[in-house]
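Novice:
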Amino acid sequence: MLGLMQDWPLLIHRVIDHAAAQHANRPVVSRSVEGPLHRTTYAEIRRRALRLAKRLTREGVGLGDRVATLAWNTWRHLETWYGITGIGAIYHTVNPRLFEDQIVYIVNHAEDRLLFLDLTFVPMMERLQERLPTIARYVVLTDAAHMPATTLKNAVPYEEWLAEADEDFRWASFDENTAAGMCYTSGTTGHPKGVVYSHRSNVLHSMAALQPDMLGLSSRDIAMPVVPLFHANSWSFAFSAPMAGATLVLPGPKLDGPSIHELLVGERVTISAAVPTVWFALLQHLEKTGADLPDLQRVVIGGSACPRAVTQVFRDRYGVEVMHAWGMTEMSPLGSVCSMKPEYRALSGDAWLDVKQRVGYAPFTVEMKITDDEGRELPWDGTTFGRLKVRGPAVAKRYFRHEEDILDSDGFFDTGDVATIDPHGYVQIVDRNKDVIKSGGEWISSIELENLAVGHPDVAEAAVIGIPHPKWDERPLLIVVPKPGRTPKKDDLIAFMQGRIAKWWLPDDVAIVDEIPHTATGKIQKTTLRDLFRDYRLPGT
Ligand code: AMP
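Just add 50 to wherever you are in the sequence shown, counting from 1, and you've got this note's numbering.
1) Can residue 85 be considered in contact with ligand 1, in the sense that its beta carbon sits closer than 7 Å to one or more heavy atoms?
2) Assuming residue 381 and residue 445 form a contact by the criterion Cβ under 8 Å, report the distance between their Cβ atoms to the nearest whole angstrom.
3) Between the C-alpha atoms of residue 200 and residue 150, what's the straight-line distance to the nearest angstrom?
4) If we call anything under 8 Å between Cβ atoms a contact, is residue 611 one with residue 90?
5) Between the region 378-393 and the region 408-415, do three or more beta carbon pairs fall short of 8 Å?
6) Using a Cβ-Cβ cut-off of 8 Å (strictly less than) and excluding sequence neighbours within five positions of residue 433, which residues of its own chain qualify?
7) So, are the CB atoms of residue 479 and residue 524 less than 8 Å apart?
8) Check for me: the alpha helix (DSSP H) holding residue 180 runs from which residue to which?
9) Quick one: using the 10 Å Cβ neighbour count with 16 as the cut-off for buried, is residue 262 buried or exposed?
10) Under the rule that 16 or more other beta-carbon atoms within 10 Å means buried, what is residue 181, buried or exposed?
11) Cβ of residue 148 within 8 Å of Cβ of residue 179?
12) Taking 8 Å as the threshold, find out whether the region 149-163 comes into contact with the region 273-292 through three or more Cβ pairs.
13) For the structure I just gave you, are there three or more beta carbon pairs, one from the region 265-272 and one from the region 243-251, closer than 8 Å?
14) Would DSSP call residue 303 helix, strand or coil?
15) May I ask you to report which of helix, strand or coil DSSP gives residue 587?
16) Tell me the DSSP bridge mates of residue 561?
17) Taking 7 Å as the line, does the beta carbon of residue 352 fall inside it for any heavy atom of ligand 3?
18) Can you name the start and end residues of the beta strand (DSSP E) that residue 593 belongs to?
19) Which of the three DSSP states, helix, strand or coil, is assigned to residue 89?
20) Report yes if the C-beta distance between residue 557 and residue 514 is below 8 Å; otherwise report no.
21) Using CA atoms only, rank isn't needed, just tell me which of 143, 551, 102 is closest to residue 209.
22) Within a Cβ cutoff of 6 Å, which residues of the same chain sit near residue 377, ignoring the five residues on either side of it in sequence?
23) Would you tell me roughly how many angstroms separate the C-alpha atoms of residue 586 and residue 549, rounded to the nearest one?
24) Would you kindly report the start and end of the unbroken alpha helix (DSSP H) that includes residue 293?
25) When you compare only the Cα positions, how much space is there between residue 304 and residue 232?
26) CB-CB under 8 Å to residue 561, same chain, minus the five flanking residues each way: which ones, in chain order?
27) At a cut of 8 Å, does the region 319-327 reach the region 114-125 through at least three beta carbon pairs?
28) Given the structure, does residue 282 come close to ligand 1, in the sense that its CB is under 7 Å from one of the ligand's heavy atoms?
29) Tell me which residue opens and which closes the beta strand (DSSP E) that residue 362 is part of.
30) What are the boundary residues of the beta strand (DSSP E) that includes residue 152?
31) DSSP three-state label for residue 62, please.
32) Which one of 591, 344, 463 has the shortest CA to CA distance from residue 368?
33) Give the straight-line distance between the Cα atoms of residue 342 and residue 336, rounded to the nearest whole angstrom.
34) Give me whichever residues DSSP pairs with residue 548 in a beta bridge.
35) Check whether the region 416-423 and the region 438-457 are in contact - that is, three or more C-beta pairs closer than 8 Å.
36) Apply the 10 Å Cβ neighbour rule to residue 223 and answer buried if 16 or more other Cβ atoms are within range, or exposed otherwise.
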């Protein structure tokens, strides 16, 4: 017997319909690529998304077609997502920080029909367009006044193109399992792999993200996702903020400390989200200028481990709570957020920080387990570590155009992370499986050493890699970028770490560098570091 409730498929355009009905005049503020701040509302975003949907239909784009976006977080980028998905086409976010060959690969692999791009990327696409036969038109996200002379095929300024359609349009109707978005993972080996989100998975993921113990957004929040729309759905903000009716602040192309600070203060942002490197830059700016964060209440930090020192400075100096989050592109991406269950609520000081080092627990819609290499489940005791595996309605089961599913016999996806889970369900990420340092048959967490090292007052950023060792197999090398004007010494750094970790975890050596390489999503690029230090020998070997 079936239930007798309405058939109301979970479709993305219902999100913007809801925002326009219930939160019509809520502001969406963007730093435009052209420079000035731009202000609009959810009602206006919806009207323009309807026009966009109609205009795309006229272009011959329809159900199942892929449409690429190469753009910063702005109102125009947001409109494209709703317009594209509103006709059953698929937004494909292209990360501009990928190598050019990777961009060519993923656009061809996805067979994108049309590409929306910011002014920033016109020169790059002029270089690449000969290699992108499937793109029939380039729509530059600007108006006629700012449109550059360009050789891009069928190039038009977005505002002119959009003006060719009106908003008299009905969203298409289709099954909630229809594909809605695509994002390629920036894998360190092999070709990038396409993750395909559905309308249903994006809606469910965003509803899960809204729970009070997750992002906990409300209509009273002013939310600034610094995390780009091209980094795994901007961690749900493009959907969850309009669902909740939160004001949106979109930082456009300027992600440096002073620019982010200007928006946080000027727009009275209450919650923001970004990878650790963005917060390193902001905190350095605040330290240098003595500026404050008067309205900010919460920052969501994920994508890489958030160092303890960052959580502490936010709490003690600025009264801001860090929400440590973990996830991955294949998970839409949120897998867990660290908020305090009653069991931990009374904690303070260092004990509170200890819990905040973990990435929290899974919300309803994410199931987790840790296993050994043979797939046997391991206990949630906070010390036994194993492969972290996940299951849920917003977790990928197969990559685009791959033959095989990526699940084990129970339907779990192996995240590639090594983790512990404590008795209350809190996950601690020990390392990426391939980054963990294997010393004398035991494992050393590179993440834990990095987090500790950045707590040193002279250190701006730190990375740890395993270096081959004749006796121990591998030993840790600490690689450090000093803060401007500081010259940290090896002995000082080691002494700083001593007593805070097991003695045999202490790095064997320290290398001072000007810069640590990052991936397109802001993670430390360990493969490149290992290449750079391939000929390096540890002292005494
Ligand atoms: P991506 O798909 O590019 O977002 O990368 C996902 C990977 O980033 C995860 O599998 C983790 O290895 C890493 N990651 C994400 N969040 C965290 C975190 N809070 N702490 C440690 N690693 C993280």
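Glycine is no exception: its CB is placed at the ideal position from the N, C-alpha and C atoms.
Specialist: Let's see:
1) The residue labelled residue 85 in the question sits at position 35 within the sequence shown. Checking the 7 Å criterion, the Cβ of residue 85 is out of range of every heavy atom belonging to ligand 1.
2) Here residue 381 is taken as the residue at index 331 of the sequence shown, counted from 1. Here residue 445 is taken as the residue at index 395 of the sequence shown, counted from 1. About 5 Å; that satisfies the 8 Å criterion.
3) Within the sequence shown, numbered from 1, the residue matching residue 200 stands at position 150. Within the sequence shown, numbered from 1, the residue matching residue 150 stands at position 100. Spanning the two alpha carbons is a distance of roughly 19 Å.
4) Nothing about residue 611 can be read from this structure; the chain reaches only from 51 to 591.
5) Contact holds: three or more Cβ-Cβ distances are below 8 Å.
6) Working through the sequence shown from its first residue, we reach residue 433 at position 383. Counting only Cβ-Cβ distances below 8 Å, and skipping sequence neighbours, we find 470.
7) Counting from 1 along the sequence shown, the entry for residue 479 is found at position 429. Counting from 1 along the sequence shown, the entry for residue 524 is found at position 474. Between residue 479 and residue 524, the gap from beta carbon to beta carbon reaches 8 Å or more.
8) Stepping through the sequence shown from its first residue, residue 180 is reached at position 130. Run containing residue 180: none; DSSP gives neither H nor E here.
9) Here the question's residue 262 lines up with position 212 in the sequence shown. Flag for residue 262 reads exposed.
10) Within the sequence shown, residue 181 is the residue found at index 131, counting from 1. With fewer than 16 Cβ atoms within 10 Å of its Cβ, residue 181 is classed as exposed.
11) Against the sequence shown, residue 148 aligns to sequence position 98. Against the sequence shown, residue 179 aligns to sequence position 129. Contact: no.
12) Put simply, the region 149-163 does not touch the region 273-292. Fewer than three CB pairs are less than 8 Å apart.
13) In this structure the region 265-272 does not touch the region 243-251; the number of beta carbon pairs closer than 8 Å is below three.
14) Residue mapping note: residue 303 aligns to position 253 of the sequence shown, counting from 1. If DSSP states are grouped into helix, strand and coil, residue 303 belongs with coil.
15) Within the sequence shown, residue 587 is the residue found at index 537, counting from 1. Reduced to three states, the DSSP call for residue 587 is coil.
16) By 1-based counting over the sequence shown, the position of residue 561 is 511. According to DSSP, residue 561 bridges with 529.
17) Ligands displayed in this structure: ligand 1; ligand 3 is not among them.
18) Residue 593 is absent from the model: the chain starts at 51 and stops at 591.
19) Within the sequence shown, numbered from 1, the residue matching residue 89 stands at position 39. DSSP places residue 89 in strand when its eight states are reduced to three.
20) Sequence index remark: in the sequence shown, residue 557 carries index 507 (1-based). Sequence index remark: in the sequence shown, residue 514 carries index 464 (1-based). In contact: residue 557 and residue 514 (Cβ atoms closer than 8 Å).
21) Translated into positions along the sequence shown, residue 209 becomes position 159. Nearest option by C-alpha distance: 102.
22) As a working note, residue 377 is residue 327 in the sequence shown. Closer than 6 Å at the Cβ level, and outside the excluded window around residue 377, lie 383, 384, 385.
23) Here the question's residue 586 lines up with position 536 in the sequence shown. Here the question's residue 549 lines up with position 499 in the sequence shown. When the Cα atoms are used, residue 586 and residue 549 turn out to be separated by approximately 27 Å.
24) Mapped onto the sequence shown, residue 293 falls at position 243. Counting along the chain, residue 293 sits inside the alpha helix (DSSP H) bounded by residues 287-294.
25) For the purposes of this step, residue 304 is identified with residue 254 of the sequence shown, where counting begins at 1. For the purposes of this step, residue 232 is identified with residue 182 of the sequence shown, where counting begins at 1. Straight-line spacing of the CA atoms in residue 304 and residue 232 works out to 25 Å.
26) For the purposes of this step, residue 561 is identified with residue 511 of the sequence shown, where counting begins at 1. In its chain, beyond the 5 residues on either side, 527, 528, 529, 530, 583, 586 have a beta carbon closer than 8 Å to the beta carbon of residue 561.
27) Between the region 319-327 and the region 114-125, the count of C-beta pairs closer than 8 Å stays below three; the two stretches do not touch.
28) Stepping through the sequence shown from its first residue, residue 282 is reached at position 232. Yes; taking the cut-off as 7 Å, the Cβ of residue 282 has a heavy atom of ligand 1 nearer than that.
29) Looking up residue 362 in the sequence shown gives position 312. No beta strand (DSSP E) contains residue 362, which is instead part of the alpha helix (DSSP H) from 358-368.
30) Walking along the sequence shown from the start, residue 152 turns up at place 102. Going by DSSP, residue 152 is part of no beta strand (DSSP E) but of the alpha helix (DSSP H) stretching over 150-160.
31) Position 12 of the sequence shown, counted from the first residue, corresponds to residue 62. Of the three classes helix, strand and coil, the one that applies to residue 62 here is coil, per DSSP.
32) Here residue 368 refers to the residue found at position 318 of the sequence shown. Minimum Cα distance to residue 368 is reached at 344.
33) Translated into the one-based positions of the sequence shown, residue 342 becomes position 292. Translated into the one-based positions of the sequence shown, residue 336 becomes position 286. So the two alpha carbons sit approximately 7 Å from each other.
34) Along the sequence shown, read from residue 1 onward, the residue named residue 548 stands at position 498. Bridge partners of residue 548 according to DSSP: 551.
35) Yes, they touch.
36) Position 173 of the sequence shown, counted from the first residue, corresponds to residue 223. Exposed is the label assigned to residue 223, since fewer than 16 other Cβ atoms lie within 10 Å of its Cβ.
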